[in-house]
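Residue numbers (the numbering used here): 10 to 73.
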């Protein structure tokens, strides 16, 4: 089943703007554009968003 950005936003509990940002960054699995509209697939009833990274992992403060 495929859904729109507004429906994905409702399922994820975020704004439609945030969903469009995630789509632009390629973080929504299987999503693609048809013309000007994003089409988002559902996996087990929810869109799959890959977690982001917050920069390189620090190694200078790891305890050995």
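Glycine included, each C-beta is placed from N, C-alpha and C at the ideal position.
Item                                                                                                                                                                      : Value
Residue 26 to residue 41, Cα distance in whole Å?                                                                                                                         : 16 Å
Rounded to a whole number of angstroms, what is the C-alpha to C-alpha distance between residue 49 and residue 60?                                                        : 17 Å
If I measure Cβ to Cβ from residue 57 and keep anything under 8 Å in the same chain, skipping five residues before and after, which residues do I get?                    : 37, 38, 39
Which residues in the same chain as residue 51 place their Cβ atom closer than 7 Å to its Cβ, once the five residues preceding and following it in sequence are excluded? : 10, 12
Would you report the Cα separation of residue 21 and residue 55, rounded to the nearest angstrom?                                                                         : 8 Å
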